[in-house]
Amino acid sequence: MATGSNGNAAGGPCACARCANPLLTAEDRAALLGPAPADTPETQAQREIRLALLRRDRVERPAIFVGAGTCGLGAGAGKTLAAVRQYLAERQIAADVVEVGCIGMCSAEPLVDVQLPGRTRVCFRAITADKVPGLLESALAGQIPAAHVLGQFRGVQLQSWLDVPYLDEHPFFSPQTRWVLANCGLIDPNSLEEYLARGGYRGLAQVLRNMTRAELCDLVERSGLRGRGGGGFPTGRKWKIALNSPGDQKYLICNADEGDPGAFMDRAVIEGDPHRLVEGMAVAAYAIGASKAYVYIRAEYPLAIKHLEHAIRQAHAAGLLGENILGSGFDLHITLKQGAGAFVCGEETALINSIEGRRGMPRPRPPFPAVSGAFGKPTVINNVETLANLPTLLELGAESFAAVGTAGSKGTKVFALSGKVARTGLIEVAMGTTVRRIVFDIGGGIPDGKAFKAVQIGGPSGGCIPTAHLDIEIDYDSLKTVGAMMGSGGLVVMDEDNCMVDVAKFFMDFIQRESCGKCIPCREGTRHMLEILQAITRSRRNESGYKALERFKGVMYLNRLAEVIRDTSLCGLGQSAPNPVLSTLRWFREEYEAHVFERKCPAGACSELLSYRIDADKCHGCTLCALKCPTEAIMGAKRAPHYIVPEKCIACGTCVSLCRFEAIVAE
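Residue numbers (numbering that gives the first Met the number 0): 0 to 666.
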């Protein structure tokens, strides 16, 4: 496992002053952890034992943890969970079953952890329902089945398992610095007490008791924390603008409208550690003087919504939200607003329109939301990861937070690592980590012996990083030098089988469909760019009249059109819309030239540009391909080698999918 914010293994007990001393002062303890039973006052020793149990530093009976985030459930964790409960019930075994969020290694789901009294917690990978009986029979008997071991957590005063590697030494976790993800996959996301036992809400209590709003804004500005939603605007500076803007009411908005293809960071954080977000929102709202806050979250995230709603109710009941929080005189109410999946609502002014009940379309700026936002009042919009950084920032202090990262980008960044990589999942690395380290060390490289081609970073608004720049350090400024951007944190790896023209076409199709249509450059320009990309991936056989001339003319204007869209679109989404095309044109021009001049796709991904032939040595004359060919382009006698008539073939690929002898060759 990667380290937590205190530098210890996130699964082990904390050795910092926060946990060595009482969790909170006496007046805060009653509000946060709840008082000890009235008839039996809790001694310090009893309290330390209670906190140790909540942190799983010790367990009194076996505990079984099942990764039940969306990624785990998609891999079958729901059935695994049912099988665990059935096994325990049938054998009348007294054990705790805990549903936790995603620890990050999605490629190994379903994940199941087992912890026995006095022993360290062990994580097992790929535990489908049929493997549960064998796993539990061995593990509960004190025998660790090596076949599915991912690693054991570290634990002070807990006996380690012999010959079981530590999870924090696994190549997926060892390069990570887990601050935002410190609790994900470890704690019960529906337990306020577990979050409190790990230091939760202490930062909020200290801020309300010891800091003015201006002091808090100064601290965040000194830390160098920048918005993790894409633009990277300094968070403390944005807060100061809102704090100093006049208004009888101010608003805080958490942007959880995660719309980039391949991005799932916000979802995983909310599912696995919702109280971290609630605490971060309370801190941010206090800093700007907001008494009302919204979480704008995708309706497609039902589990995240469920966990967040539960966390908000718990926080209200504990006096951490609502009126006069912790006796400070500060009030805050949080409302969830579910978005309908419009990509443009990730843009802050379109998001504000949606919250107000209007169509989600961007507004001209200035005025900026920090001056005049929701309902015409000063409004700060931060995304989930930005707000989830605040508890750690307050714990470490501005200087220690700023010590991690690069000169212009401080702290860590969460990425959703997906695509053609051996180990996909959710990762958190220090700013300045190289692309190579992420793809080849954490991700395990490209599977099946394929060659790396590029990384798409930043989603539809981002760009591609080619092999030549694998050693670039990831931060807000360095990525711009290669035509990319941080974005929200989607990171899609591509190999030699990916066509970069096809990649640009995919993202341009997405952007064109998601354009709100308000401004002409974005609405019409992206449509025309998509038509040009479609034309250069089209075969001659599908052209007629002046289509070939129009195709070549469009290619000549492609770069100029992209620059016009970038310079004249109304909002940030429109201005960044051409990035996938500009980036792939810059680094993979030879692929564009092959499509334009040779009408060939070097990667073999553009089906219309492929031609097919039948290998006579492999063809058995079964006639299946000839019977299913929609244009009757395949000829030949039964039980004799067949052949394809090029003039009739439309390159649909049906024959390839049908041939049992791999006799169809695509060129």
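For each residue, glycine too, the CB sits at the ideal point set by N, CA and C.
Is the Cβ-Cβ distance between G458 and D259 less than 7 Å?
The answer is yes: Cβ separation under 7 Å.
By how many angstroms is the C-alpha of K599 removed from the C-alpha of L532?
Going by the C-alpha atoms only, they are around 14 Å apart.
Would H309 pass as a contact of Y194 if the rule is Cβ separation under 7 Å?
For H309 and Y194, no; Cβs fall outside 7 Å.
Could you tell me the boundaries of the beta strand (DSSP E) in which Q337 lies?
Run containing Q337: H332 to G338, per the beta strand (DSSP E) assignment.
Using a Cβ-Cβ cutoff of less than 8 Å, which residues in the same chain neighbour G230 once the five nearest sequence positions on both sides are dropped?
G571, listed in sequence order.
When the distance is taken between beta carbons, is G486 closer than 7 Å to G461?
For G461 and G486, yes; Cβs fall inside 7 Å.
Looking at C-beta atoms only, is the number of pairs between the stretch 348-364 and the stretch 293-309 that lie closer than 8 Å three or more?
Taking 8 Å as the limit for Cβ pairs, the verdict is that the stretch 293-309 does touch the stretch 348-364.
When you compare the CB positions of S582 and G482, do they come within less than 7 Å of one another, or not?
Yes, the Cβ-Cβ distance between S582 and G482 is below 7 Å.
Would you mind working out which of G603, S290 and P188 sits nearest N497, comparing C-alpha positions?
The shortest C-alpha separation from N497 is found at G603.
I need the boundaries of the beta strand (DSSP E) containing G418, first residue and last residue.
Unbroken beta strand (DSSP E) run through G418: T411 to G418.
To the nearest angstrom, how far is it from the Cα of G226 to the Cα of A241?
Going by the C-alpha atoms only, they are around 15 Å apart.
Here's the rule I'm using: 16 or more other beta-carbon atoms within 10 Å means buried, otherwise exposed. How should A25 be labelled?
The predicted model places A25 with a pLDDT of 49, which falls under 50 and marks its position as unreliable, so this point remains unresolved.
Can you pull the DSSP bridge partners for E98?
E98 is bridged to V65.
Do A138 and K113 come within 7 Å of each other at the CB atom, strictly closer than that value?
First, the residue type needs correcting, since residue 113 is Val and not Lys in the sequence shown. It is a contact, given that the beta carbons lie within the stated cut-off.
Measuring alpha carbon to alpha carbon, tell me which residue in R550, G345 and E646 is nearest Y611.
Closest by alpha carbon: E646.
Below 7 Å between beta carbons: does that hold for P577 and I564?
In contact: P577 and I564 (Cβ atoms closer than 7 Å).
Taking the beta strand (DSSP E) that M528 belongs to, which residues open and close that run?
From DSSP, M528 is part of no beta strand (DSSP E) but of the alpha helix (DSSP H) over I519 to I535.
Helix, strand or coil for E427 per DSSP?
Strand.
Note down the Cα distance separating C101 from A181, rounded to an integer number of angstroms.
So the alpha carbons of these two residues sit roughly 11 Å apart.
State buried or exposed for Q91, treating a residue as buried only when at least 16 other CB atoms are found within 10 Å of its CB.
Q91 comes out exposed.
With a 10 Å radius around its C-beta and 16 neighbouring C-beta atoms as the bar for buried, classify S575 as buried or exposed.
So S575 counts as buried.
Which two residues bound the contiguous alpha helix (DSSP H) that contains C624?
Where C624 is concerned, the enclosing alpha helix (DSSP H) stretches over L623 to K627.
Looking only at its chain, what residues have a beta carbon closer than 6 Å to the beta carbon of R362, apart from the 5 residues adjacent to it on each side?
For R362, where only same-chain residues beyond five positions count, the Cβ hits under 6 Å are T348.
Would you mind stating whether S159 and R422 have Cβ atoms separated by less than 7 Å?
The answer is no: Cβ separation not under 7 Å.
According to DSSP, is P273 part of a helix, a strand, or is it coil?
Residue state, collapsed to three classes: helix.
When you compare the CB positions of T234 and L224, do they come within less than 7 Å of one another, or not?
Cβ distance < 7 Å, so T234 and L224 count as in contact.
Around the C-beta of D272, are 16 or more other C-beta atoms found within 10 angstroms, so that it is buried, or is it exposed?
Flag for D272 reads buried.
Could you tell me which of V500, M264, D508 and A397 sits nearest to E707, measuring between CA atoms?
In the structure as shown, the chain begins at 0 and stops at 666. Residue 707 is therefore absent and cannot be evaluated.
What are the start and end residues of each continuous alpha helix (DSSP H) run of 4 or more residues lying completely inside the stretch 153-205, in chain order?
Counting only runs of 4 or more, we get 191-196.
As a quick exercise: from I464, Y475 and K336, pick the residue whose alpha carbon is nearest that of A406.
Looking at the Cα atoms, Y475 is the closest of the given residues.
Using the beta-carbon count (16 or more within 10 Å), is T176 buried or exposed?
Buried is the call here.
Under DSSP, the beta strand (DSSP E) around C658 begins and ends at which residues?
Note, C658: premise wrong, no beta strand (DSSP E); not H, not E.
Pick out the complete beta strand (DSSP E) segments inside the stretch 589-650, 3 residues or longer, and give them in chain order.
Runs found: 611-613.
A316: which of G133, E513, E192 and E666 sits nearest, CA to CA?
Among G133, E513, E192 and E666, the Cα nearest to that of A316 belongs to E192.
Let me check understanding here. Comparing Cα to Cα, which of I535, K546 and A615 lies closest to E590?
Of the listed residues, the one whose Cα sits closest to E590 is I535.
Consult DSSP for D494 and reduce its assignment to one of helix, strand or coil.
DSSP places D494 in strand when its eight states are reduced to three.
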